[in-house]
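Asks:
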DNA sequence: GCCGTTTTCGGCCCGACTGTTTTCAGTCG
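Numbering (the numbering used here), first residue to last: 57 to 617.
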């Protein structure tokens, strides 16, 4: 079995971390971290790439391409084995401690023989760290706190959690404040909360200090706090300089680095306060991000695209794609009613669709099959269709009669073809046997795609953020099958699913596959999750033409033979 | 280690804050 991209990325990351602890050239360290990141986000299995393909990836050159091939062939590489012999492996996790970096780890290891987190804790408790040159009692306390924090650290937040936390913070800030960071970029999961504000620093620091569990650092220009086990960074700015600050704090980091390089090539220096002309030291400030982009000779890059995945080149050429907008969405393509495991009646769903400004909603209750409560068999599906016709007589938002059928472990569906054929549109999804090996799961999904009655593959990887990992899958083969069978792939907008991931959405779009946003609503407030799906589609570079949701109901129904 | 319409060698984004310092190194985003 070939190594997965994730496995190769982890090894490259380990080499980078060990080099860093060894005190290697920081740029060499960064090269490994960047290469690991690139491999991790490839849509194709790295095992299918030639030497040439590898070296064509930005940030991967001759040396690292060679190491990747060595890793693919042997499961490791000579450089890694050399580093592992020279460096205790327990040191790597010390790098994850807040306030502990490579220089600190190296000193603790060389001077105190610390080889892991337990040894570090013992050294701190025995007050041996404060004796080191350049260290003190405060640093020792900081390390103990960092160890405690790391042991109870939660994973990344889903978007709904992150939005709630951001709202709490913004409500406490005495002035105007805006969300930045990965939350603003529309990412599926959020590590920390970033906020830009024009509120007065002194007063705001006091307010945030009161509500925070701990203050990481605090000054006239920023405050960083821990709240509910999460980190929040707040940066202060003025209305006149807000553009550069919002740009900086929105990131991504890779995007910022590229932008600053571009400024450098124009003879300018870009920071979070504005642009400085190198020769004259003249300072330019910007009230909006658009003005910063204009000064750099670029089209404004939407936050969802700011990942250094080709958008910068497009913006310099003035050829950024027109991205999907919420206003272009005509309907929700995945909603459950009280007929299966939802709570809303069909009439309530139609009313909610009207309130959302939708032309239609695709009702997709679970089909009877594996143990989902109240799944519909062919007979109840027919009864539901009759009731949908009744509701549609008076509703301005049309209900489409769909179903969410299970893809059984062998790739067959949980409803007979005749029952599927009677539906307006059919979603097919995996709800069982999540642990099949990659090849079996891939063939299972492709079998479902090849069923002529299936219109949409629901939540393709079946992941639940924080609860269940994505199924093993050769996503490139699934995308290829979706293209060949002209089946849509779902963008599931539930904040715990966010499935597909943005890189695969983009891969699918580029292969000509249509995407379908569904909220997977079971309760009324979940209709609002559509915005997460739109953000995800935008992160996948989708325009209105790439989505089923932007088509009229009549056009959708034409998909049926 | 990567990379190049100013370079195949010499750069590699830029600034805030803290702790242990008498001017700065380390960490972080």
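Where is the CB? At the ideal position from N, CA and C, for every residue including glycine.
Just so it is clear, the structure is predicted and the values come from calculations on it, not from any experiment.
(1) Just grab the DSSP bridge partners of residue 245 for me.
(2) Would you mind stating whether residue 527 and residue 518 have Cβ atoms separated by less than 8 Å?
(3) Please name the residue or residues paired with residue 324 in a DSSP beta bridge.
(4) Would you kindly work out how many angstroms separate the C-alpha atoms of residue 86 and residue 72, rounded to a whole number?
(5) Note the first and the last residue of the continuous alpha helix (DSSP H) segment covering residue 391.
(6) Shorter than 7 Å, the distance from the beta carbon of residue 347 to the closest heavy atom of the ligand FAD, or not?
(7) Relative to the C-alpha of residue 251, which candidate in 244, 207, 218, 258 has its C-alpha closest?
(8) Between residue 277 and residue 271, is the Cβ-Cβ spacing less than 8 Å?
(9) Please report how far the alpha carbon of residue 512 lies from the alpha carbon of residue 443, in whole angstroms.
(10) State buried or exposed for residue 378, treating a residue as buried only when at least 16 other CB atoms are found within 10 Å of its CB.
(11) Could you give the first and the last residue of the continuous alpha helix (DSSP H) run that contains residue 69?
(12) Just the Cα atoms here: how many angstroms apart are residue 314 and residue 93?
(13) Could you give the distance in angstroms between the alpha-carbon of residue 95 and the alpha-carbon of residue 363?
(14) Taking the beta carbon of residue 309 as the centre, do at least 16 other beta carbons fall within 10 Å, making it buried, or is it exposed?
(15) For residue 392, tell me which candidate among 109, 75, 588, 420 has the shortest Cα-Cα distance.
(16) Closest to residue 99 by CA distance: which of 533, 431, 549 is it?
(17) Excluding sequence positions up to five away, which residues of its chain have a Cβ less than 7 Å from the Cβ of residue 245?
(18) Based on Cα-Cα distance, which residue from 367, 587, 192, 385 lies nearest to residue 549?
(19) Just how far apart, CA to CA, sit residue 340 and residue 374?
(20) Kindly indicate the opening and closing residues of the beta strand (DSSP E) around residue 395.
(21) Pick from 606, 316, 306, 247: whose alpha carbon is nearest that of residue 287?
(22) Can you give me the Cβ contacts of residue 135 inside the same chain, cut-off strictly under 8 Å, excluding the 5 residues immediately before and after it?
(23) If you check the beta carbons only, do residue 466 and residue 498 fall under 8 Å apart?
(24) Check for me: the alpha helix (DSSP H) holding residue 548 runs from which residue to which?
(25) Quick one: give me the first and last residue of the alpha helix (DSSP H) that residue 304 is part of.
(26) Quick test of your reading: residue 476 and residue 430, contact by CB under 8 Å. State the CB separation rounded to the nearest angstrom.
(27) Does the separation of the CB atoms of residue 544 and residue 604 fall below 8 Å?
(28) Under 7 Å Cβ to Cβ from residue 599, same chain only, skipping five residues before and after it: list those, please.
(29) Would you tell me roughly how many angstroms separate the C-alpha atoms of residue 617 and residue 480, rounded to the nearest one?
(30) Contact check, residue 484 vs residue 504 under 8 Å by CB: the rounded distance?
(31) Just to confirm before moving on: does the CB-CB distance between residue 253 and residue 292 stay below 8 Å?
(32) Taking its Cβ as the centre, do 16 or more other Cβ atoms sit within 10 Å of residue 399, making it buried, or is it exposed?
(33) From which residue to which residue does the alpha helix (DSSP H) around residue 141 run?
(34) Looking only at C-alpha atoms, which of 207, 556, 416, 456 sits nearest to residue 174?
(35) Determine the direct distance from the alpha carbon of residue 395 to that of residue 473, and round the result to whole angstroms.
(36) By DSSP, does residue 597 sit in helix, in strand, or in coil?
Replies: If we stick to the structure as given:
(1) As a first step, residue 245 is located in the first chain; it is residue number 189 there, counting from the start. Beta-bridge pairing links residue 245 to 214.
(2) Within the first chain, numbered from 1, the residue matching residue 527 stands at position 471. Within the first chain, numbered from 1, the residue matching residue 518 stands at position 462. Contact: yes.
(3) Taking the first residue of the first chain as position 1, residue 324 is located at position 268. Residue 324 is bridged to 333.
(4) Here the question's residue 86 lines up with position 30 in the first chain. Here the question's residue 72 lines up with position 16 in the first chain. Roughly 7 Å separates the two Cα atoms.
(5) In the first chain, counting from the first residue as 1, residue 391 sits at position 335. Residue 391 -> not in any alpha helix (DSSP H); beta strand (DSSP E) instead, spanning 387–391.
(6) Ligands displayed in this structure: none; no statement on the ligand FAD is therefore possible.
(7) Translated into positions along the first chain, residue 251 becomes position 195. For residue 251, the nearest C-alpha among the options comes from 218.
(8) For this step, residue 277 is matched to residue 221 along the first chain. For this step, residue 271 is matched to residue 215 along the first chain. No; because the gap between Cβ atoms is not below 8 Å, this pair is not in contact.
(9) Position 456 of the first chain, counted from the first residue, corresponds to residue 512. Position 387 of the first chain, counted from the first residue, corresponds to residue 443. Those two C-alpha atoms are separated by around 24 Å.
(10) For this step, residue 378 is matched to residue 322 along the first chain. Exposed, because fewer than 16 other Cβ atoms sit within 10 Å of the Cβ of residue 378.
(11) Position 13 of the first chain, counted from the start, is the residue given in the question as residue 69. Its alpha helix (DSSP H) spans residues 61–77.
(12) Along the first chain, one-based indexing puts residue 314 at 258. Along the first chain, one-based indexing puts residue 93 at 37. Between residue 314 and residue 93, the C-alpha separation is close to 16 Å.
(13) Within the first chain, numbered from 1, the residue matching residue 95 stands at position 39. Within the first chain, numbered from 1, the residue matching residue 363 stands at position 307. One C-alpha to the other measures close to 15 Å.
(14) Your numbering for residue 309 matches position 253 in the first chain. Exposed: under 16 other Cβ atoms inside 10 Å.
(15) Looking up residue 392 in the first chain gives position 336. When only C-alpha atoms are compared, the closest one is 420.
(16) The residue labelled residue 99 in the question sits at position 43 within the first chain. When only C-alpha atoms are compared, the closest one is 533.
(17) What you label residue 245 is simply residue 189 of the first chain in a count that begins at 1. The answer, listed in chain order, is 212, 213, 214, 521.
(18) Taking the first chain and counting its residues from 1, the one referred to as residue 549 is at position 493. Answer by Cα proximity: 587.
(19) Residue numbering aside, residue 340 sits at position 284 when the first chain is read from its first letter. Residue numbering aside, residue 374 sits at position 318 when the first chain is read from its first letter. About 23 Å.
(20) Against the first chain, residue 395 aligns to sequence position 339. Premise fails: residue 395 is in no beta strand (DSSP E) and is neither H nor E.
(21) Residue 287 sits at position 231 when you count from the first residue of the first chain. Checking every option, the nearest Cα to that of residue 287 belongs to 247.
(22) As a working note, residue 135 is residue 79 in the first chain. Excluding residues within five positions, the ones whose Cβ falls inside 8 Å are 71, 123.
(23) Taking the first chain and counting its residues from 1, one reaches residue 466 at position 410. Taking the first chain and counting its residues from 1, one reaches residue 498 at position 442. Going by C-beta atoms, residue 466 is not nearer than 8 Å to residue 498.
(24) Your numbering for residue 548 matches position 492 in the first chain. Counting along the chain, residue 548 falls outside any alpha helix (DSSP H), though it belongs to the beta strand (DSSP E) covering 544–548.
(25) Sequence index remark: in the first chain, residue 304 carries index 248 (1-based). 298–306 is the span of the alpha helix (DSSP H), which, as asked, contains residue 304.
(26) Stepping through the first chain from its first residue, residue 476 is reached at position 420. Stepping through the first chain from its first residue, residue 430 is reached at position 374. The Cβ separation is near 19 Å, so there is no contact.
(27) Here residue 544 is taken as the residue at index 488 of the first chain, counted from 1. Here residue 604 is taken as the residue at index 548 of the first chain, counted from 1. Against a cut-off of 8 Å, the Cβ pair of residue 604 and residue 544 comes out as a contact.
(28) Within the first chain, residue 599 is the residue found at index 543, counting from 1. Closer than 7 Å at Cβ, skipping near neighbours: 377, 378, 379, 380.
(29) The sequence position of residue 617 within the first chain is 561, counting from 1. The sequence position of residue 480 within the first chain is 424, counting from 1. Legend: pLDDT at residue 617 = 48, less than 50; position of this residue unreliable, no value from coordinates given.
(30) Against the first chain, residue 484 aligns to sequence position 428. Against the first chain, residue 504 aligns to sequence position 448. Rounded, the Cβ-Cβ distance is 4 Å, consistent with contact.
(31) As a position in the first chain, residue 253 is number 197, starting the count at 1. As a position in the first chain, residue 292 is number 236, starting the count at 1. Cβ distance < 8 Å, so residue 253 and residue 292 count as in contact.
(32) Translated into the one-based positions of the first chain, residue 399 becomes position 343. Result: exposed.
(33) The residue you call residue 141 lines up with position 85 of the first chain. Run containing residue 141: 134–142, per the alpha helix (DSSP H) assignment.
(34) Residue 174 sits at position 118 when you count from the first residue of the first chain. The shortest Cα separation from residue 174 among 207, 556, 416, 456 belongs to 207.
(35) In the first chain, the residue the question calls residue 473 occupies position 417. In the first chain, the residue the question calls residue 395 occupies position 339. Rounded to the nearest angstrom, the two C-alpha atoms are 21 Å apart.
(36) Taking the first residue of the first chain as 1, we reach residue 597 at position 541. If DSSP states are grouped into helix, strand and coil, residue 597 belongs with coil.
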